[in-house]
Amino acid sequence: MRRAFLLNLLPWAAATVLICALTYDRLSAVRLEPLRLAQNDLAVQGMTVLSRWSGFLKRDLMFLARDPALARALSNGDLGEVAARWQSFADTSGIYDKIRWIDETGQERLRVNFEDGRAVQVRTDKLQDKRHRPFFFETMTLHPGQVYYSRLDLNSENDQIELPYKPTLRIATPLYDSKGNARGILTLNFLAKVLLERLGQMPSSFGLELHLVDHEGYWLLSPDPQQAWGFMLGHPEHALPRSQPALWQTMQLRTSGQFADAGGLWLFDTYSPVDGDPAALLETGGITPPTWRLVVHAPQDIIDELRQGILLRCVLIAILLLGMISLFTARVVLATHERNQALARLRRRSDELNTANASLSDALERQQAMQTELVRAEKLSSLGLLVAGVAHELNTPIGAAVVANSTLEKAREALDQELAAGLRRSTLAEFLAQVAEGSRMIGHNLGRAAGLIRLFKQLAVDRASVERRSFTLADAVDDTLHILRTRFKTSPHSLVTDIPADLILESYPGPLGQTLENLVGNALTHAFPNQGSGEVRIAARRLPDSGQIEVTIRDNGTGIAPDQLERIFDPFVTTRRSQGGTGLGLHLAHHLTTELLGGSLTVTSVPGQGTCFTLTLPLRAPGNGA
Numbered sequence: 000m001r002r003a004f005l006l007n008l009l010p011w012a013a014a015t016v017l018i019c020a021l022t023y024d025r026l027s028a029v030r031l032e033p034l035r036l037a038q039n040d041l042a043v044q045g046m047t048v049l050s051r052w053s054g055f056l057k058r059d060l061m062f063l064a065r066d067p068a069l070a071r072a073l074s075n076g077d078l079g080e081v082a083a084r085w086q087s088f089a090d091t092s093g094i095y096d097k098i099r100w101i102d103e104t105g106q107e108r109l110r111v112n113f114e115d116g117r118a119v120q121v122r123t124d125k126l127q128d129k130r131h132r133p134f135f136f137e138t139m140t141l142h143p144g145q146v147y148y149s150r151l152d153l154n155s156e157n158d159q160i161e162l163p164y165k166p167t168l169r170i171a172t173p174l175y176d177s178k179g180n181a182r183g184i185l186t187l188n189f190l191a192k193v194l195l196e197r198l199g200q201m202p203s204s205f206g207l208e209l210h211l212v213d214h215e216g217y218w219l220l221s222p223d224p225q226q227a228w229g230f231m232l233g234h235p236e237h238a239l240p241r242s243q244p245a246l247w248q249t250m251q252l253r254t255s256g257q258f259a260d261a262g263g264l265w266l267f268d269t270y271s272p273v274d275g276d277p278a279a280l281l282e283t284g285g286i287t288p289p290t291w292r293l294v295v296h297a298p299q300d301i302i303d304e305l306r307q308g309i310l311l312r313c314v315l316i317a318i319l320l321l322g323m324i325s326l327f328t329a330r331v332v333l334a335t336h337e338r339n340q341a342l343a344r345l346r347r348r349s350d351e352l353n354t355a356n357a358s359l360s361d362a363l364e365r366q367q368a369m370q371t372e373l374v375r376a377e378k379l380s381s382l383g384l385l386v387a388g389v390a391h392e393l394n395t396p397i398g399a400a401v402v403a404n405s406t407l408e409k410a411r412e413a414l415d416q417e418l419a420a421g422l423r424r425s426t427l428a429e430f431l432a433q434v435a436e437g438s439r440m441i442g443h444n445l446g447r448a449a450g451l452i453r454l455f456k457q458l459a460v461d462r463a464s465v466e467r468r469s470f471t472l473a474d475a476v477d478d479t480l481h482i483l484r485t486r487f488k489t490s491p492h493s494l495v496t497d498i499p500a501d502l503i504l505e506s507y508p509g510p511l512g513q514t515l516e517n518l519v520g521n522a523l524t525h526a527f528p529n530q531g532s533g534e535v536r537i538a539a540r541r542l543p544d545s546g547q548i549e550v551t552i553r554d555n556g557t558g559i560a561p562d563q564l565e566r567i568f569d570p571f572v573t574t575r576r577s578q579g580g581t582g583l584g585l586h587l588a589h590h591l592t593t594e595l596l597g598g599s600l601t602v603t604s605v606p607g608q609g610t611c612f613t614l615t616l617p618l619r620a621p622g623n624g625a
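For the sequence shown, position 468 matches number 467 in numbering that gives the first Met the number 0, and the numbering has no gaps at all.
And the structure:
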């Protein structure tokens, strides 16, 4: 059914995604179109401002150069009338920092400065020598009517940048007298701050940024004023080729165009004062005029903001369409599948129920039979251990009594020989001492054997009967450990107990003893496969305010692997099957604890650090096991 659903859904899903992608692309283009138009408008306005101002500058320069008063001054040297006219012109225009006549030797002959809002003629002793300035000797190479445009930079006085900064553009033209002799140049220092402020104040929508850079890529106008005039302030890194190398490379290949990168959308155009004038190249005398690049930047965050709403709507539409298509396809596929499977399910239902009932009945019978067999097998195993323990414990005192009796027999034979040869008093005294010691040893060991027989009889009675009675936990543990100590005596491992003497239970001592025997025997068998010596510790304590006790059987052995820990109480789970293990001991211990003693049995283990079995038992066991 999943395959049918996918086969039906995939074509519709692919078509939906394709349609949404095309829709997003189209809507993005439509949404960004006003931004592109705003960029174009801002660029056109900027180019218009540059063109208008360059026209104003050339017009003013040629107006002053062709002034008859200046022509007369070049012939007769009288500068008074020219100075007055220049002051009036500078006051009226307010955009020229300096108006100067520099003679053919490079010496300033007349200079009018615009200072503190008014035009002032500079005294003769303050006039400077400009013969080494590029704008002077380059303008001197021009012919009449030709115009020189300098680089737009910061004005300097006496080789120091003037403060506050004065962005300045110098335009100049050569001067000739009536006889055609070169008489120097006329130069205007245009206060370009007016032009730059006009560009920076142009209104723009969408948060567009306007940049103006020169032919080397240095900022003349930037949204960040700290980046401007890097070529004069010793910051070569403040240049477009450094910050936007890919954009600058594109601008080198084309005079205008658009460029998109991770920073946003860039629109650029190139302006030169000679643009649109067919005779301009002749007017400059072959000298390369300044070139400015106007750049309009739309930051990427603005573009992302415009696209974000479109993307969100397209995604929501795609999700909605896919959800509707998925729902429709699922219902169609599900209906088809249910129609095809309904009859088959009905036919199988009756057979499956009958088979399941029969299987459950068989499984229940097998489980009950297996449970009975497990209990019987573990009892037989415990009986074998009990018999072996009895034999081992009785062997010691009885063997000692036999040795003592044999010693007395030999002493009697020696006495008979002495009687035949002549009995001495010392010999009789020695014989009597031997008889006394031998009788004491025989009596002591026979008493010890009788005590063991009574203990094992009591233990056998407890295990044969499951009647509840009162007993101390310490006595029950001690009785159980009589059997286990025989195994510890033949191993390098030790058994330690910490059982308070005042813990009295009303429970079933036989099943409890068998449970403890299984747990301690399991530790002795499995916990120390490779260790030289280990320790098994049995401890008990009363749980406060609960009417229960807690018995722990802890070893410092190898521990149990995590994958075996989950199945440790399952029947037939053993790691020593090849060595005779049956996997029934822990299962029977868990069964006796939970079903008969009314408690719980849990296990924790850390590989390499040991294992701890925890018995939680009520002080009064429930029910009657008889």
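We put the CB at the ideal spot given by N, CA and C, even for glycine.
From a predicted model like this one, the values you see are computed outputs, not experimental measurements.
C-alpha of L126 to C-alpha of F135: approximately 15 Å in a straight line. Distance from the CA of R312 to the CA of L319, rounded to the nearest whole angstrom, comes to 10 Å.
For Q120, the enclosing beta strand (DSSP E) starts and ends at 117-120. In the structure shown, D554 adopts extended strand secondary structure according to DSSP, grouped into three states. A residue is called buried once 16 or more other Cβ atoms fall within 10 Å of its Cβ, and P166 is buried on that count.
Secondary structure note for P173: its beta strand (DSSP E) is the uninterrupted segment 166-175.
In this model, E107 and D124 are separated by some 10 Å (Cα to Cα). Looking at the DSSP output, S469 sits in a beta bridge with E505.
Contact between L502 and A473 holds, since their C-beta atoms are separated by about 7 Å, short of 8 Å.
Just so you know, the alpha carbons of W265 and I302 end up roughly 12 Å apart.
Annotation: G229 to P289 spans about 17 Å, alpha carbon to alpha carbon. Cβ neighbours of I94 within its own chain (closer than 6 Å, five residues either side excluded): L190, V193.
Between the C-alpha atoms of M440 and K409 there is a straight-line separation of about 16 Å. Boundaries of the beta strand (DSSP E) harbouring G263: 263-270, taken from the DSSP string. If you draw a 10 Å sphere on the C-beta of V605, you find fewer than 16 other C-beta atoms in it, and that means exposed.
If you draw a straight line from the Cα of A341 to the Cα of R348, it comes to about 11 Å. DSSP links C313 through a beta bridge to no other residue. A buried status is given to P510, since no fewer than 16 other beta-carbon atoms sit within 10 Å of its beta-carbon. For S493, the enclosing beta strand (DSSP E) starts and ends at 493-497. A contact between stretches requires three or more CB pairs, one per stretch, nearer than 8 Å, and the region 67-77 fails this requirement with the region 142-152. Straight across, the Cα-Cα distance linking A297 with D260 is about 11 Å. Here R619 is near E505, since their CB atoms are less than 8 Å apart. Taking 8 Å as the upper bound for CB-CB distance, A522 and D569 are not in contact here, some 19 Å apart. L31 and I18 have their C-alpha atoms roughly 20 Å apart. For A14, the enclosing alpha helix (DSSP H) covers residues 1-64. Remark: C-beta atoms of L60 and L252 do not approach each other more closely than 8 Å.
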